[in-house]
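Chains as they are written, first to last, in our numbering: chain E, 125 to 235; chain P, 822 to 936.
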Amino acid sequence: GESVGLHLPTLSVQEGDNSIINCAYSNSASDYFIWYKQESGKGPQFIIDIRSNMDKRQGQRVTVLLNKTVKHLSLQIAATQPGDSAVYFCAEIQYGNKLVFGAGTILRVKS
Amino acid sequence: DTEVTQTPKHLVMGMTNKKSLKCEQHMGHRAMYWYKQKAKKPPELMFVYSYEKLSINESVPSRFSPECPNSSLLNLHLHALQPEDSALYLCASSQRLAGVQETQYFGPGTRLLVL
């Protein structure tokens with residue numbers, strides 16, 4: 125869950141297209157994962173979560189996929205809107221309910 | 822209602838000042854957390870309180886002193902900070918059900934600038 129430098133990866137998508145944001149997690153023992161959205165000047169906002177006994181979970185316009193074999197999470201956003209522009213963080217819950225964040229991805233939606 | 826509130830929104834302080842950050846939740850959550858977030862970085866855990874007792878201190882310098890006066894309130898007392906402590910300080914809370922890993926809900930943060 126350590127950041128990997130000063131420059132966050134950026135995903136630019138056209139309004140209306142689908143977005144896929146990827147995340148690799150570090151601890152194979154982690155069994156609960158959360159995606160957060162953070163808009164400029166705000167705190168992280170819960171989007172969707174998934175436990176390790178599932179490989180897919182759907183919400184409103186969002187889907188999270190979990191591949192435990194390669195320790196990979198993805199967040200899919202359908203019909204991306206300008207209001208989806210933000211930094212997206214995956215996070216894994218470790219021992220003691222300790223939340224460890226991934227580096228983050230900037231999503232930019234072009235109108 | 823998943824609201825966590827934090828005050829103040831912005832704080833500027835000198836290195837000799839003493840100030841406090843406040844966090845409040847009324848969701849009946851029994852775990853509360855402080856995180857520090859530098860620009861273009863993910864939040865990093867500082868402290869965890871569970872049932873008003875400090876359960877995790879991530880080797881945070883003693884110039885940061887947390888306090889949990891009751892189950893709804895969490896404070897972070899600041900003293901003799903350094904300019905590199907300038908960051909967004911985030912509070913979060915979760916239910917704290919035994920044996921269950923839980924979602925943490927975040928407040929909007931306090932943007933701190935140390936001069």
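Where is the CB? At the ideal position from N, CA and C, for every residue including glycine.
Residue-level contact check: Gly928(P) touches chain E, since one or more beta carbons of chain E fall below 8 Å from its beta carbon. For Tyr212(E), the enclosing beta strand (DSSP E) covers residues 210-218.
For Leu911(P), the neighbours in chain E by C-beta distance under 9 Å run, in chain order, Gly167, Pro168. Here Thr828(P) has Lys843 as same chain residues with Cβ atoms under 6 Å from its own Cβ, once five neighbours each way along the sequence are excluded. No alpha helix (DSSP H) of 4 residues or more sits fully in the segment 825-910 of chain P. The C-alpha of Leu897(P) lies about 15 Å from the C-alpha of Gln846(P).
Residues of the segment 207-228 of chain E that bring their beta carbon within less than 7 Å of a beta carbon in chain P comprise Phe213, Ile217, Gly220, Asn221, Lys222, Leu223, Phe225, Gly226, Ala227, Gly228, in sequence order. In the three-state scheme derived from DSSP, where H, G and I count as helix and E and B as strand, Asn142(E) is classed as coil. Spatial neighbours of Tyr854(P) in its own chain (CB-CB distance under 6 Å, excluding positions within 5 residues in sequence) are listed in chain order as Val869, Ala913. Checking the DSSP bridge columns, you'll see Ala913(P) partnered with Tyr854(P), Phe927(P).
Our two residues, Asn142(E) and Ile201(E), have alpha carbons roughly 6 Å apart in a direct line.
The residue among Val921(P), Glu824(P), Leu909(P), Lys840(P) with its C-alpha nearest the C-alpha of Lys859(P) is Leu909(P). Uninterrupted beta strand (DSSP E) stretches at least 3 residues long and entirely within the segment 150-219 of chain E occur at 156-162, 169-175, 180-182, 186-191, 196-201, 210-218, given in chain order.
In this structure, His850(P) is the residue among His900(P), Glu905(P), His850(P) with its C-alpha nearest to the C-alpha of Cys889(P). In this structure, the alpha-carbon of Val211(E) lies about 31 Å from that of His900(P). Interface with chain P (8 Å Cβ-Cβ cutoff): Asp173(E) is included. Counting only Cβ-Cβ distances below 8 Å, Ile145(E) has no contacts in chain P at all, with the closest Cβ about 14 Å away.
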